[in-house]
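A.B. asks:
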Amino acid sequence: MPELPEVESLTQAVKPVLEGSRLAKATFLRPDLRAPIPIEDFCELLVGQVIESVSRRSKYLLIKSRKGYGIFHLGMTGRILVQSSATPSVPHTHAVFTVAGASGEITYLHFVDPRRFGRIDCASVDDLAKHPLFVDLGPEPLDCRDLGEHLYKLSRGRKTPVKVFIMDAHTVVGVGNIYASESLFRAQIHPRRKAGSVSRANYEKLAATIKDTLSDAIAAGGTTFRDFQTPDGNPGYFAVSLNVYDRADEPCKKCGSAIRLIRQSGRATYFCAFCQK
Ligand SMILES: [Zn+2]
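Taken in order, the sequence shown gives residues 26 to 302; the numbers are from our numbering.
1. So is the beta-carbon of SER282 under 7 Å away from any non-hydrogen atom of ligand 1?
2. Quick one: what's got a C-beta closer than 6 Å to ILE64's C-beta in the same chain, skipping five residues either side?
3. So, helix, strand or coil for PHE210, using DSSP?
4. Locate the alpha helix (DSSP H) running through PHE53, then write down its first and last residues.
5. Which first and last residues belong to the alpha helix (DSSP H) in which LEU29 is found?
6. Say the cut is 7 Å; is the CB of LYS84 nearer than that to a heavy atom of ligand 1?
7. Less than 7 Å separating the Cβ of CYS277 from some heavy atom of ligand 1?
8. Applying the criterion that 16 or more other CB atoms from any shown protein chain within 10 Å of the CB defines a buried residue, is LYS89 buried or exposed?
9. Along the chain, which unbroken stretches of the beta strand (DSSP E) at least 3 residues long are found entirely within the region 63–89?
10. Compare the C-beta of PRO157 with all C-beta atoms of chain C and state if any pair is closer than 8 Å.
11. Could you tell me which whole alpha helix (DSSP H) segments of length 4 or greater appear in the region 156–215?
12. Should CYS169 be counted as a contact of ligand 1 given a C-beta to heavy atom distance under 7 Å?
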C-alpha cells in the first residue's frame, strides 16, 4: 500500500510536470473509485486552470489552482503514470489528465487503480481544511518541530499500545505499519508498551526515529510494495534496509535474538524482545 514516503516521492515526481502548467482537460473513465468522484466540481475548480502548487498532506497528493485543490489518494493499488499519450496504456486506467506546459508541451497523467480503493476528490481553497478527509488529521511528522513533545502530551493517560497510538492518523499522519515497527525498533521501545507509560525522553527518541525512518524511505524513493510504480512506470520497490519488518524468526541485526511477530489491531508487528523495552 502506498505510504507517506511513496506519496512524497510521487509528489516530487509530478511537481515538475504540473507546477506552472495548465490542466487543460480531465477525462474520467468511470464515475467512482472508493467514493463517487465529484466530477463537475473537480472540473470547475481545476480544468482550464494553472496549477500553482503540488504538495502532499498525509497520504494525499494535492494539486492547487487559483480556485481550489484536486485531491488524490492511491488507496491500495493506485498509481499515477506520466504518459505521452491520452490513450490508456494499462488496464484499470480510470482518469486521464491533459497537462499543457508553459511552453505548450502536452503531457498526460493517468490515474490507474486496479482495486479502486483510491480516491479523487476536490475542495475549494477555503474548504480544504474543513474537508472531512483532513479535518481531524494529526501533524505531519517531518514538518512537526516538537513531535516528541506532541506525542508525549497526547499520550498521557492512554492505555493504547504505543505502536497503535503512533499509527493513528489523529496522533500523527503517515506512520504506516512498516514505519511504526522500524521506528520503534530504532528507538528501542517495545510495541506493546502502553502509550501513556512511555517517557518524554523516549518520545523524543521515537520522534527522531520516525523522522529518520520516513526520511530514509523517501530518500530511497519509497519502500516496499508490489503494486506501486513510479510515474515513469518502474516498479516502486526500493530496498530500504529493514531491521525488523517482515523478518520474523530472523536474527536481530543488533543482538542476534530472533525477531518476533505479533498482531496488534489486526496488523503484523515485528520487534526484538531483547532490544525493545
Ligand atoms: Zn535485538
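All residues carry an ideal CB built from backbone N, CA and C; glycine is no exception.
C.D. replies: Working from what's here:
1. yes
2. Only PHE53 meet the Cβ criterion.
3. helix
4. Premise fails: PHE53 lies in the beta strand (DSSP E), 47–53, not in any alpha helix (DSSP H).
5. 29–43
6. no
7. The nearest non-hydrogen atom of ligand 1 is less than 7 Å from the C-beta of CYS277.
8. By the 16-neighbour rule on beta-carbons within 10 angstroms, LYS89 is buried.
9. 78–82 and 85–89
10. In summary, chain C is missing from the structure at hand, where a single protein chain is found.
11. The qualifying runs are 172–180, 187–192 and 202–212.
12. no
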